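Here the structure is laid out as structure tokens; the discussion comes afterwards.
Protein chains in written order, with our numbering: chain A, 1 to 417; chain B, 418 to 834.
What follows is the structure, encoded as structure tokens:
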């Protein structure tokens, strides 16, 4: 049995390229997937994220991706960290894969001593953030991400399953505290205080940061979002659904890197994705590109809600009605309940979207999107506009009741000097 | 280590009177508390609740109460049930006792093989329901229960502790699924459907039950309360806070029987207590007694909110500010946040209060309160009024914004023929 709080044991050692080859060779099903003999395999390190070692191994017949946790943050060895994050990623994959086999990768193997996770490699796929920065906009991808959020969250929620199964899964993921602490600190606390992890190069952003920290309604909203994130275990979340966690070739799209998986409000996953689209929107030089972003946001939300409501509709006819959300059989009441449920997700999405925009500009972990704006004054203007948009989302001086209100506010902030 | 899903093992056996004596004799600290020798002890069975065996043992120097789980419901041996409920009661006591040492009993011993819990015995205390039925109204008791709910829930919430500690406790109590299933079924599902467990003797209640089941807004509210109960782990709840779980001598009050402990919305504990006061209110023959009940409800709510807000106020000055609910230091925003938090608990309380009233009149487990009304037509009138009051609470055709609105509705329902 996998331990619940795995610690580094004497058996654990960090693999190098040859170690990866030897490790794979010891697993017949994985070796068989590559084909040939170990000498035929091409193994290379492709570590890119902040936390883990990642290797690709290719053989004559196929390829795999091997991920190993380190006892520290990969990019900062002084930041010690337990190894269990690949355990949670493997558990997340096993929980959601049956519901989204076309939108993520299968967990082929998990080693509980070495904290190694193996999944099929993706060939010909690009990181979505990279594609966006290159001006490649695929509305289909936004629709697929909407489907992904709908199917993975619905399936793991009380709407789909008896509460006992939901609680068992909550028990598992409530142990993912190290990475949940990172989310809470980096997204929902640090940017609203002085903290050494925060940084931004452009002094013109400083007054806006001060305005955020001096706005009672911003801070009240942040408080309520933080409490909500930690006390509304609606569904199993990806937990870090930015455009760097999405691989696509324009047709086939896979959501990866679920190590931040936790039970929380569905609007958190939706908000992080939309927040990253909005960062990309503000970093996009041309009008056509900007319009494409708004299309993607619209497509994502439409796809998410349609898929989620379809699943709910079909669930009504399942046999074990007692596990189902509602007792009422009155259609108009059911529809009212459903629209209220979706509206709550929408409001959560707006809030978490704003926190993601802010933390990516003035917190610890920035994103590359704005580097495409090589003109510094333009970049500054756009980053300021993005921060002010986030502030508006949090304050909602004019209530944002629909996606149309939200998109209108986006355009307003883009054009405000 | 205590197993998470304890099953009946070969070591387990149900104790009889002599078994209790021998068991206590094997525990020096408990035997010492009784004093004398085992032959000096007076042991008797006082099982009263539906689930467990309960014994009192008295010696020359003191007394203890011993509770043992059975592998079935005590009053229905065909209803099989795992033994772990005393484990959860012991865990609940250990979690909350430091915060309410004057309002509950200490866990003196828990045996993980025999599923035996030992606490000090209460001498001279009466079950609160029995006291109410005898016309003994102690406003101090309502204030103490308000303090109990405030202190036990605040201390186990995200307002008081880093989320990691809250999550660890949620992990523990999310395993209490057998008793949580009872709550969900008996309180939040069965009464709103035909189910063999439901029963009521008086045919005059039947049309009101039909009206409840035909009201879209009642059913929508029940759906939302059920989902809320299972997806808002605000604090560690008692989980079954009716007037039979409270022992008092009018001055000293102790809340017992926490085996239904679970993380949930604070308004659930408050609602069950107030619901039972309201059942007692409708079962009270005289005006003075009725007025005393309204005083108790008012006192409970005032005491709860004052104690909860005081704890929150003091928490602001604690050192580890990062664990605290809010980032804002603006006093008026803080007060707004707090009043919103309390208002949400109030609305939850109204909803769960209504579900408790309904299930105690037409569900599986009725209460004795109405037996004091020996005149059958009066009893019928009052039970109908109680059900209609619960229906009004769920429908809120006229919104109930304050305790004054709520108490006014109560009096209206009492006087409506």
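All C-beta atoms, glycine included, are put in the ideal place defined by N, C-alpha and C. Please read all numbers here as calculations on a predicted model, not as lab measurements.
List the residues that DSSP assigns as beta-bridge partners of residue i.
i: residue 72/A; result: 80/A
i: residue 192/A; result: According to DSSP, which records beta bridges pairwise, residue 192/A is partnered with nothing at all.
i: residue 57/A; result: 43/A, 64/A
i: residue 681/B; result: 652/B
Is residue i buried or exposed, if buried means 16 or more other CB atoms sit within 10 Å of its CB?
i: residue 90/A; result: buried
i: residue 452/B; result: exposed
i: residue 134/A; result: exposed
i: residue 501/B; result: buried
i: residue 637/B; result: buried
i: residue 32/A; result: exposed
i: residue 57/A; result: buried
i: residue 541/B; result: exposed
i: residue 739/B; result: Low per-residue confidence applies at residue 739/B: pLDDT is 49, beneath 50, and the placement is therefore not dependable, though the value from the model is reported in the following sentence. So residue 739/B counts as exposed.
i: residue 608/B; result: buried
i: residue 756/B; result: exposed
i: residue 830/B; result: buried
i: residue 68/A; result: buried
i: residue 288/A; result: exposed
i: residue 197/A; result: exposed
i: residue 549/B; result: buried
i: residue 727/B; result: exposed
i: residue 823/B; result: buried
i: residue 593/B; result: buried
i: residue 611/B; result: exposed
i: residue 559/B; result: buried
i: residue 408/A; result: exposed
i: residue 4/A; result: For residue 4/A, the pLDDT reaches just 40, beneath the cut-off of 50, and the residue's location in the model is therefore unreliable, leaving the point undetermined.
i: residue 793/B; result: exposed
i: residue 461/B; result: exposed
i: residue 628/B; result: exposed
Between residue i and chain D, is there a C-beta pair that is closer than 8 angstroms?
i: residue 601/B; result: In summary, chain D is missing from the structure at hand, where the protein chains are A and B.
Quick one: measure Cβ to Cβ for residue i and residue j, integer angstroms, because I've assumed they're closer than 8 angstroms.
i: residue 52/A; j: residue 66/A; result: Actually they are not in contact, since the Cβ atoms of residue 52/A and residue 66/A sit about 10 angstroms apart, beyond 8 angstroms.
i: residue 775/B; j: residue 817/B; result: So it is not a contact: roughly 17 angstroms between Cβ atoms.
i: residue 654/B; j: residue 680/B; result: 7 angstroms
i: residue 59/A; j: residue 41/A; result: 5 angstroms
i: residue 682/B; j: residue 659/B; result: Not really, about 17 angstroms apart at Cβ, beyond 8 angstroms.
i: residue 55/A; j: residue 86/A; result: Rounded, the Cβ-Cβ distance is 13 angstroms, inconsistent with contact.
i: residue 356/A; j: residue 276/A; result: 7 angstroms
i: residue 104/A; j: residue 93/A; result: 7 angstroms
i: residue 643/B; j: residue 605/B; result: 4 angstroms
i: residue 530/B; j: residue 428/B; result: 5 angstroms
i: residue 686/B; j: residue 570/B; result: 7 angstroms
i: residue 635/B; j: residue 568/B; result: Not a contact, Cβ separation roughly 33 angstroms.
i: residue 720/B; j: residue 564/B; result: 6 angstroms
i: residue 778/B; j: residue 800/B; result: 6 angstroms
i: residue 390/A; j: residue 186/A; result: 15 angstroms between Cβ atoms; not a contact.
Kindly provide the ranges of any alpha helix (DSSP H) runs that are 4 or more residues long and lie completely inside the region 279 to 364 of chain A, ordered along the chain. 287 to 315, 331 to 362
If the cut-off is 8 angstroms on Cβ atoms, which residues from the region 231 to 246 of chain A count as contacting chain B, listed in chain order? 231, 232, 233, 234
Give me the subset of the region 207 to 219 of chain A whose CB atoms are less than 8 angstroms from a CB atom of chain B, sorted by chain position. Within the region 207 to 219 of chain A, the qualifying residues are 216, 217, 219.
In chain order, each beta strand (DSSP E) run of at least 3 residues that lies wholly inside the region 597 to 673 of chain B: Under the rule that a run must span 3 or more residues, the beta strand (DSSP E) segments found entirely inside the region 597 to 673 of chain B read 652 to 654, 663 to 665, 670 to 672.
Runs of 3 residues minimum, wholly inside the region 93 to 162 of chain A: which ones carry the beta strand (DSSP E) assignment? 109 to 111, 116 to 120
What are the residues of the region 155 to 171 of chain A that lie near chain B, defined by any Cβ-Cβ distance shorter than 9 angstroms? Answer set for the region 155 to 171 of chain A: 157, 158, 159, 162, 163, 164, 166, 167, 168, 170, 171.
Going along the region 117 to 130 of chain A in order, which residues come within less than 7 angstroms of chain B, judged by CB to CB distance? none
Please name the residues in the region 556 to 569 of chain B whose beta-carbon is closer than 8 angstroms to at least one beta-carbon of chain A, in chain order. none
Determine which residues of the region 77 to 106 of chain A have a Cβ less than 7 angstroms from any Cβ of chain B, and write them out in chain order. So nothing in the stretch comes that close.
Any residues in the region 329 to 340 of chain A with a beta carbon nearer than 9 angstroms to a beta carbon of chain B? Which ones, in chain order? 329, 330, 332, 333, 334, 336, 337, 340
If the cut-off is 8 angstroms on Cβ atoms, which residues from the region 717 to 734 of chain B count as contacting chain A, listed in chain order? none
Using a Cβ cut-off of 9 angstroms, which residues of the region 774 to 805 of chain B contact any Cβ in chain A, in chain order? none
Could you run through the region 34 to 66 of chain A and flag, in chain order, every residue whose CB is less than 9 angstroms away from some CB of chain B? In summary, no residue of the region 34 to 66 of chain A has a CB separated from any CB of chain B by less than 9 angstroms.
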